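Residue numbers (the UniProt record's numbering): 1 to 250. Every residue gets a Cβ at the ideal spot worked out from N, C-alpha and C, and that includes glycine. All of these numbers come straight from a predicted model, not from anything done at the bench. Everything below concerns the one structure shown next.
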Amino acid sequence: SPVTHHNVARLFSATDHWFGFDESDVWTLFHSYAFDFSVWELWGALLHGGRLVVVPHLVSRDPAAFLGLLADEGVTVLNQTPSAFYQLMAADKEHPGRELALRYVVFGGEALELGRLDDWYDRHAEDASTLVNMYGITETTVHVSYIALDRESAAAGSSSTIGVNIPDLRVYVLDAYLQPVPPGVTGEMYVAGEGLARGYLGRHALTAERFVADPFAHLFGERGSRMYRSGDLARRRPDGTLEYFGRADH
């Protein structure tokens, strides 16, 4: 789906108050550029004048070697799918004592099992690095939501916790009639705001099906704007945070 340069630039400006990335950060390009997570990795480094370490393919498939790279290169921002991070945690347990410079570990791409993070917190001080869970969709430019974790919240939280929306995005939880459901009730997530792609290249019918008119746009001073139908189920907690419950079509 066509994603503009503006979409990527605003992704970082809209999340800067959470992260404060700068020229001292060292990032890894761990993922294939066919995976939208790589957009965050690549431009997170370059837009802030930081350093980007391109991870060799064989190293990316060898958790112990990747752990060594993180230590040797002084990586400060690591982006991982949860399944890859679980393997990295196992390597970290088997090879203790590697000094890591991580400021942030950002999860995306799949559901995070919060209960499995205890093993990491057992070996790393909570103030050494912040673990962050971000739900995202390619069609809304990589990330949609954010929640910073700590040992207590990871132990007490639901594995489906995905946090709050990025400030320049709106997340609606709607029923089959596009009406908002009350907090605590499961509905389908729709995303509106600055991050939406223009549509699917050359697929007009699919674009019309997934990018639909936003019936709430007038409440935000907008006219004729669209929202993206995610196909994902969620519910909003009383505190405003979101819980993710998988695909609506499963």
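Output yes or no for whether 8 Å exceeds the beta carbon distance between residue i and residue j.
| i | j | result |
| --- | --- | --- |
| Ser129 | Met189 | no |
| residue 253 | Asn7 | With the chain running from 1 to 250 in the structure shown, residue 253 is simply not present. |
| Ala234 | Val144 | no |
| Leu196 | Arg226 | yes |
| Ile137 | Val181 | no |
| Val105 | Val75 | no |
| Gly240 | Val185 | no |
| Ser38 | Leu52 | no |
How many Å lie between residue i and residue j at the Cα?
| i | j | result |
| --- | --- | --- |
| Tyr86 | Leu102 | 16 Å |
| Val93 | Glu209 | This sequence places Lys at residue 93; Val is not what is there. When rounded, the distance between both Cα atoms is 47 Å. |
| Gly109 | Gly224 | 30 Å |
| His95 | Ile147 | 29 Å |
| Pro2 | Arg203 | 11 Å |
| Gly246 | Pro56 | 32 Å |
| Leu117 | Thr207 | 38 Å |
| Leu58 | Ala64 | 11 Å |
| Ser32 | Gly157 | 31 Å |
| Pro183 | Tyr244 | 13 Å |
| Thr81 | Ala71 | 19 Å |
| Asp122 | Arg61 | 25 Å |
| Leu88 | Phe66 | 8 Å |
| Gly199 | Gly193 | 14 Å |
| Gly44 | Leu69 | 19 Å |
| Ala91 | Glu222 | 50 Å |
| His5 | Trp120 | 36 Å |
| Leu242 | Asp36 | 22 Å |
| Trp27 | Phe216 | 38 Å |
| residue 276 | His218 | No information on residue 276 is available, as it lies outside the stretch 1 to 250 that the chain covers here. |
| Asp175 | Met134 | 24 Å |
| Val77 | Ala205 | 39 Å |
Can you tell me whether residue i is buried or exposed, with buried defined as 16 or more other CB within 10 angstroms of its CB?
| i | result |
| --- | --- |
| Phe220 | exposed |
| Thr15 | buried |
| Arg13 | A quick correction: the sequence has Ser, not Arg, at residue 13. Exposed is the call here. |
| Glu139 | buried |
| Glu99 | exposed |
| Arg237 | exposed |
| Thr141 | buried |
| Thr161 | buried |
| Gly115 | exposed |
| Leu112 | buried |
| Ala34 | exposed |
| Leu201 | exposed |
| Val54 | exposed |
| Gly97 | exposed |
| Phe232 | Checking the sequence shown, residue 232 turns out to be Asp, not Phe. With 16 or more other Cβ atoms within 10 Å, it is buried. |
| Asp25 | buried |
| Ala84 | buried |
Any contact between the region 150 to 163 and the region 122 to 142? By contact I mean 3 or more CB pairs, one from each, below 8 Å.
yes
Three or more C-beta pairs below 8 Å linking the region 39 to 50 and the region 16 to 25:
yes
Whole runs of the beta strand (DSSP E) within the region 94 to 171, excluding any shorter than 3 residues
Taken in chain order, the whole beta strand (DSSP E) runs of length 3 or more contained in the region 94 to 171 are 104 to 107, 130 to 133, 145 to 149, 161 to 165.
Given 8 Å as the limit, is there contact between the region 199 to 213 and the region 159 to 168, that is, 3 or more CB pairs closer than that?
no
Mind listing, in chain order, the continuous alpha helix (DSSP H) runs of no fewer than 4 residues lying wholly within the region 26 to 81?
Counting whole runs of 4 or more residues, the region 26 to 81 contains the alpha helix (DSSP H) stretches 37 to 46, 57 to 60, 63 to 73.
Report the residue ranges of all beta strand (DSSP E) runs contained in full by the region 196 to 234; include only those spanning at least 3 residues, in chain order.
211 to 213
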